[in-house]
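Taken in order, these protein sequences are the chains called D and F.
Just so we're aligned: 286 in numbering that gives the first Met the number 0 is position 287 of the first sequence, and the numbers increase by one with no gaps anywhere.
Just so we're aligned: 227 in numbering that gives the first Met the number 0 is position 228 of the second sequence, and the numbers increase by one with no gaps anywhere.
The beta carbon of each residue, even a glycine, is placed where N, CA and C say it ideally should be.
There are 2 protein chains.
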Amino acid sequence: MPELEDIRRRNLGNLLRHVHLDGALSRTELAERTGLNRSTIMGLIAELTAAGLVREELPVGTGRAGRPSLVVRPETGRVYVLAFDVAVDRLLAARVGLGGTVLERLEAVRPRAGADLDTVVGALAGFGKRLHATAPPGTVCAGIGASYCGMIRPGDGMVRYGPDMGWVDQAFGAELGRRLGLGLPVAVGNEAHLGARAEQLRGAGMGAQNLVYLHGDAGVGGGIIVRGELLDGEAGYGCEVGHMVVNPYDGRPCMCGSRGCLEAEVGERALLDAAGRPPSQSGWSAVRAVVDAADRGEEAAQHALAVVGDWLGIGVANIINLFNPGVVIFGGMLREVYLGSADHVRRRIADHVLAVSRERVRLRISGLADDATLIGAAELAFAELLRNPLETLPAPTASTRS
Amino acid sequence: MPELEDIRRRNLGNLLRHVHLDGALSRTELAERTGLNRSTIMGLIAELTAAGLVREELPVGTGRAGRPSLVVRPETGRVYVLAFDVAVDRLLAARVGLGGTVLERLEAVRPRAGADLDTVVGALAGFGKRLHATAPPGTVCAGIGASYCGMIRPGDGMVRYGPDMGWVDQAFGAELGRRLGLGLPVAVGNEAHLGARAEQLRGAGMGAQNLVYLHGDAGVGGGIIVRGELLDGEAGYGCEVGHMVVNPYDGRPCMCGSRGCLEAEVGERALLDAAGRPPSQSGWSAVRAVVDAADRGEEAAQHALAVVGDWLGIGVANIINLFNPGVVIFGGMLREVYLGSADHVRRRIADHVLAVSRERVRLRISGLADDATLIGAAELAFAELLRNPLETLPAPTASTRS
Numbered sequence: 000m001p002e003l004e005d006i007r008r009r010n011l012g013n014l015l016r017h018v019h020l021d022g023a024l025s026r027t028e029l030a031e032r033t034g035l036n037r038s039t040i041m042g043l044i045a046e047l048t049a050a051g052l053v054r055e056e057l058p059v060g061t062g063r064a065g066r067p068s069l070v071v072r073p074e075t076g077r078v079y080v081l082a083f084d085v086a087v088d089r090l091l092a093a094r095v096g097l098g099g100t101v102l103e104r105l106e107a108v109r110p111r112a113g114a115d116l117d118t119v120v121g122a123l124a125g126f127g128k129r130l131h132a133t134a135p136p137g138t139v140c141a142g143i144g145a146s147y148c149g150m151i152r153p154g155d156g157m158v159r160y161g162p163d164m165g166w167v168d169q170a171f172g173a174e175l176g177r178r179l180g181l182g183l184p185v186a187v188g189n190e191a192h193l194g195a196r197a198e199q200l201r202g203a204g205m206g207a208q209n210l211v212y213l214h215g216d217a218g219v220g221g222g223i224i225v226r227g228e229l230l231d232g233e234a235g236y237g238c239e240v241g242h243m244v245v246n247p248y249d250g251r252p253c254m255c256g257s258r259g260c261l262e263a264e265v266g267e268r269a270l271l272d273a274a275g276r277p278p279s280q281s282g283w284s285a286v287r288a289v290v291d292a293a294d295r296g297e298e299a300a301q302h303a304l305a306v307v308g309d310w311l312g313i314g315v316a317n318i319i320n321l322f323n324p325g326v327v328i329f330g331g332m333l334r335e336v337y338l339g340s341a342d343h344v345r346r347r348i349a350d351h352v353l354a355v356s357r358e359r360v361r362l363r364i365s366g367l368a369d370d371a372t373l374i375g376a377a378e379l380a381f382a383e384l385l386r387n388p389l390e391t392l393p394a395p396t397a398s399t400r401s
Numbered sequence: 000m001p002e003l004e005d006i007r008r009r010n011l012g013n014l015l016r017h018v019h020l021d022g023a024l025s026r027t028e029l030a031e032r033t034g035l036n037r038s039t040i041m042g043l044i045a046e047l048t049a050a051g052l053v054r055e056e057l058p059v060g061t062g063r064a065g066r067p068s069l070v071v072r073p074e075t076g077r078v079y080v081l082a083f084d085v086a087v088d089r090l091l092a093a094r095v096g097l098g099g100t101v102l103e104r105l106e107a108v109r110p111r112a113g114a115d116l117d118t119v120v121g122a123l124a125g126f127g128k129r130l131h132a133t134a135p136p137g138t139v140c141a142g143i144g145a146s147y148c149g150m151i152r153p154g155d156g157m158v159r160y161g162p163d164m165g166w167v168d169q170a171f172g173a174e175l176g177r178r179l180g181l182g183l184p185v186a187v188g189n190e191a192h193l194g195a196r197a198e199q200l201r202g203a204g205m206g207a208q209n210l211v212y213l214h215g216d217a218g219v220g221g222g223i224i225v226r227g228e229l230l231d232g233e234a235g236y237g238c239e240v241g242h243m244v245v246n247p248y249d250g251r252p253c254m255c256g257s258r259g260c261l262e263a264e265v266g267e268r269a270l271l272d273a274a275g276r277p278p279s280q281s282g283w284s285a286v287r288a289v290v291d292a293a294d295r296g297e298e299a300a301q302h303a304l305a306v307v308g309d310w311l312g313i314g315v316a317n318i319i320n321l322f323n324p325g326v327v328i329f330g331g332m333l334r335e336v337y338l339g340s341a342d343h344v345r346r347r348i349a350d351h352v353l354a355v356s357r358e359r360v361r362l363r364i365s366g367l368a369d370d371a372t373l374i375g376a377a378e379l380a381f382a383e384l385l386r387n388p389l390e391t392l393p394a395p396t397a398s399t400r401s
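Written out as C-alpha cells, the structure is:
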C-alpha cells in the first residue's frame, strides 16, 4: 500500500512542521491543527521521538491547577541545518537547530568591490566547515540553504544575475555544495524571496496568505506571497520590485542599466546622496546614521527621508494596487528607512491606492530584524526534512544515537 | 461512503470540463488527460450522456484508415448559460451553450453619462428574459455570469467601485438575479479578471500558468494569473494594473482621483488627446480611427501612438519584472493600441526589464477579439455545473428531457 505510506510520511512531516514552527504544542493542539485523531498523533510522535526529532515534556509555568498535559517540542540539539547569507555588505553563516534556533553564527564583512565565485564560496565553505566541526557529537546536519542577493535559478542554485558582484550565470549552489563536502545539496534562494517566507513563517506576517516583503540591502528586493505561495512566475524570477520603474523621465541611473527603478530612487545611495553624505559613506550603518540624524532634527537628513519616503510610497502604492495584500513588510535597510519616512509612505498610499484596495492592508516592519534572509535560508534547508522526516535524516556523525 | 461520491462527482466535473473546453475528445484522450482508466471513463460518459450533457459520435474527417474511434462532444443544444457584459460603451448579453458556443447575442450601446443601478440592471434583465424566452424548448439554463467594468466583491457580486458610472457599493449581482427571476444566482466578476480567465481557457494564453491580461476599455484593467489561478489578493481586488502610477510628477489626472496612473497615460482619452482629436470623439471606433490614420501616415496619430506606446511599455515592463509571466495579452481597446505601437512597447521592455526576467515572455493580442470578457462571464456561469454536473443541472423547462 504505497498510498498509506505516503499518507504516513505526509502526516509525520506535517506534525513536525507544526512543532518546528510553533516551538511547543500539546497533543490536543496538534490534533486541532492537523485534523488527525489522538491515537494517530501518539503513534507519530513516538516515531519522531525515537528518531530524536521531538521530545515530550511538561510545559513551563502553565499557571493552571491540575495535572498539565505534556507538550511536544522540537529537539533543537540533535538535528540542525547550515544556513548561509550572501548580502551586499556581509557574509553570514549559521548552524540552526530544528525549531529555528540559531545555535551558532559566523559573520564577515564583505568588501563591496567585485568578488569572484571562488572567493565568496571559499569564505562560506570555511564558515560551514567550522560550524560543522564544532557541532556536538551525535548531531546531524539535515540540509543546507543559502540566501543570495541576486536572481537565482530554482533547482540548481545558479546565480543568473548578481548585479552588485557583476555575476552572470555563476554555479554558486553547486560550487558551495562541492566545497563544503558534506554530501548534501545546497538549496539557494533570492534573499527577498527567502525573507518573505521567513516573515510569513516566523515574523511580522505570520500566517498571512497574501504578503509583500520589501528587502533593502544596497538596493531593493521583493518577495511576494500570493495565496500562501511565493510568486515565482514562469521561471522563478518574479518579484523584482526593485526594478519597477517609478521615475521614468527624471530617474537616477540603476545598476541594472535602466533609470528610475524603485531601487535607484530609494536604495542606500539615493538616501545618502539626498542627505548630502559623501560617496565614501555606505552600508547599513550610514543609512542608520541618516535616520538618527533626522530624528535629532538635521534638515538634510529629514529632506532625504522625505524624498526617499515619497518614492517608496509610490512603489508600495503600486504594489498594493496590484496585489491587494494583507500585509506589506519592510525589511533589511528599508526597516529603518520606513520608520524614518512612514508619514510620506502613508500619504502616497492614500493618494494613489484605490480605497477598496487598501481596506485590509497593514504596514509592518520586519519581525526578524537583520536575520529574515538568514532564517529564510534555514527554512529552505529544513524543507526536505519536513517533507519526509524519517527518510531524510542521515545517520548521526558520532555514536550517541539514542 | 461520501468520499467515493465526492470522487465520482469530481471525476464527472473534470471529464465534462475537458470536453467543454476542448470541443471533442476521444476516450483515449480523456483517459490521458484525466488519468482515469477507460472503464471508469465509459461509465462517467454514460452518465453525462444520459443527462444530456455530452454525446458520442464519429469524428469529422480523421483522414486515417481503419475504424475511427468515437469522440465525446459537449451537447451544445441542451444546456446553456446566460452571460452579461457591462462595459463602458456597451451592454452585452448572450446565451452560450456548453462547449462555449455563443448561441444568441444581444447588444446595446450604453450612453457614457452616469447610469444608475436600476437602468443598467433593467436593460440587462430585459436582454436576459428575451434570451431565456427564445431558448428552444427542453433546454436548460445552468448558470448566470456577468462581467462588470469595476471592482467586484467576490461572493455576492457587489460593485464596490465602478468609476465610470460613479458607482460605490451597488448590489449589482443580487439585483440582476432578482430582476431576471430565474431562481439562479448571478456570479459577477471584474471584466479584466474574466478576460484573463477566458484567454487562459480559450484564447491567446491557452494553458498558460502565469499570464497577464491587459484590458483596454476607456481605462485599463488587469487580470493576472499566477500558478494557474487568478491573483485576487486578500479580498478579491488584486490586479489593478490601471492604477499603477507610472508618471507621478507630470501625469494626467485619473478618474480615480490620482495622477499619472497607467490608465490615465494610455487610456482612450490619452490617445485621442495626444492625436489632437476633439473631446466629442470617444469610444473604440475613435481609437481604431487613430490607429488606422497612423497606418496611413498621419503624423499626429503616429505621435499619439508613440507617446501612449511608451507609457504602455513602461507599465508592461514593470509587470514583467514583478510577475515573470509566460505571456502578456493585450485585449479590448489595447489590442489596437498595441498593434499600432508594438515597437515602442518592445523598446521599453528591452530598456527596463531585467534580461533574465524577459527570457520566456511572449507578447500576444487577445485571441477572443471583443468577446474575451463576455466569454469569461460565460465560463464563470458554467463553473458550478463543471464542479458538480449532475446535481447542478435543473430540470428542463419543457417536456423533451431525454
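query, result
"Nearest-angstrom beta carbon gap, Glu378(F) and Leu200(F) [assumed within contact, 8 Å]", "6 Å"
"Under the three-state DSSP convention, the category Arg104(D) falls into", "strand"
"Pro247(D) burial status per 10 Å Cβ neighbour count (16 or more: buried)", "buried"
"Own chain partners of Tyr79(D) with C-beta closer than 8 Å, once the 5 adjacent residues on each side are dropped", "Arg94, Val95, Gly96, Leu97, Leu102, Ala134, Thr138, Val139, Cys140 and Ala141"
"Residue burial classification, Ser398(F) (beta-carbon count within 10 angstroms, cutoff 16)", "Because Ser398(F) carries a pLDDT of 39, less than 50, the predicted location of this residue cannot be relied on, and the following value inherits that uncertainty. Answer is exposed; the Cβ neighbour count stays below 16."
"Cβ-Cβ distance between Leu270(D) and Val315(D) below 7 Å", "no"
"Start-to-end residues for the alpha helix (DSSP H) that takes in Ala50(D)", "Where Ala50(D) is concerned, there is no enclosing alpha helix (DSSP H), given that its DSSP letter is neither H nor E."
"Every unbroken beta strand (DSSP E) inside the stretch 110–182 of chain F [3 residues or more]", "139–147, 150–152, 157–161 and 166–169"
"CB contact below 7 Å: Gly325(D) versus chain F", "yes"
"Met164(F) burial status per 10 Å Cβ neighbour count (16 or more: buried)", "buried"
"Pick from Gly339(F), Val355(F) and Arg347(F) that is closest to Gly325(F), judged by C-alpha positions", "Val355(F)"
"Listed by chain order, chain F residues near Cys238(D) by CB distance under 9 Å", "Asn320, Leu321, Phe322 and Asn323"
"DSSP bridge partner residues for Ala92(F) (one or two, in chain order)", "Phe83(F) and Leu105(F)"
"Inter-residue spacing [alpha-carbon to alpha-carbon] between Arg251(D) and Leu229(F)", "34 Å"
"Pair within 7 Å by beta-carbon distance, Arg334(F) and Ser365(F)", "yes"
"Beta-carbon proximity of Gly266(F) to Val219(F), cut-off 7 Å", "yes"
"Cβ shell of Pro311(D) (< 6 Å), same chain only, five flanking positions each side left out", "With the sequence shown as reference, residue 311(D) is identified as Leu, and Pro is not the correct amino acid for it. Val265 and Val344, listed in sequence order."
"Ile328(F) classed as buried or exposed, judged by whether at least 16 other C-beta atoms fall within 10 angstroms", "buried"
"Member of Arg346(D), Met41(D), Glu56(D) and Ala23(D) whose CA lies at the smallest distance from the CA of Asn10(D)", "Met41(D)"
"Where Asn36(F) meets chain D, residues with beta-carbon distance less than 7 Å", "Those within 7 Å of Asn36(F) in chain D number zero; the least Cβ separation is about 16 Å."
"Paired residues, beta bridge with Glu228(D) - DSSP", "Val225(D)"
"CA-to-CA distance, Met150(F) to Arg7(D), given in whole angstroms", "44 Å"
"Residue closest to Tyr160(F), alpha-carbon to alpha-carbon, out of Gln169(F), Pro153(F) and Gly154(F)", "Gln169(F)"
"Contact list for the stretch 117–130 of chain D against chain F, Cβ threshold 7 Å", "none"
"Euclidean distance between Cα positions of Arg258(D) and Ala274(D)", "20 Å"
"Complete runs of the alpha helix (DSSP H) confined to the stretch 178–209 of chain D [at least 4 residues]", "190–201"
"Residue span of the alpha helix (DSSP H) that contains Leu333(D), given as start and end", "Met332 to His351"
"Supposed close pair Ala197(D), Cys238(D) - CB separation, criterion 8 Å", "At roughly 14 Å, the Cβ-Cβ gap does not stay under 8 Å, so Ala197(D) and Cys238(D) are not in contact."
"Proximity below 7 Å, CB of Val244(F) to CB of Asn209(D)", "no"
"Test: Ala170(F) CB closer than 7 Å to a CB of chain D", "no"
"Where Ser68(D) falls, given that 16 or more other Cβ within 10 Å makes a residue buried", "exposed"
"Close Cβ partners of His351(F) (< 6 Å) along its chain, the five nearest in sequence each way excluded", "Ala316"
"Own chain residues within Cβ distance below 7 Å of Ala263(D), not counting five before or after", "Gly250, Arg251, Pro252, Cys253 and Ala269"
"Assigned secondary structure, Leu97(F) (DSSP; H/G/I helix, E/B strand, else coil)", "coil"
"His214(F) - partner residues in DSSP beta bridges", "Gly220(F) and Gly330(F)"
"Chain D contact residues for Pro247(F), given Cβ-Cβ distances below 9 Å", "Val245, Asn246, Asp309, Trp310, Ile313, Arg347 and His351"
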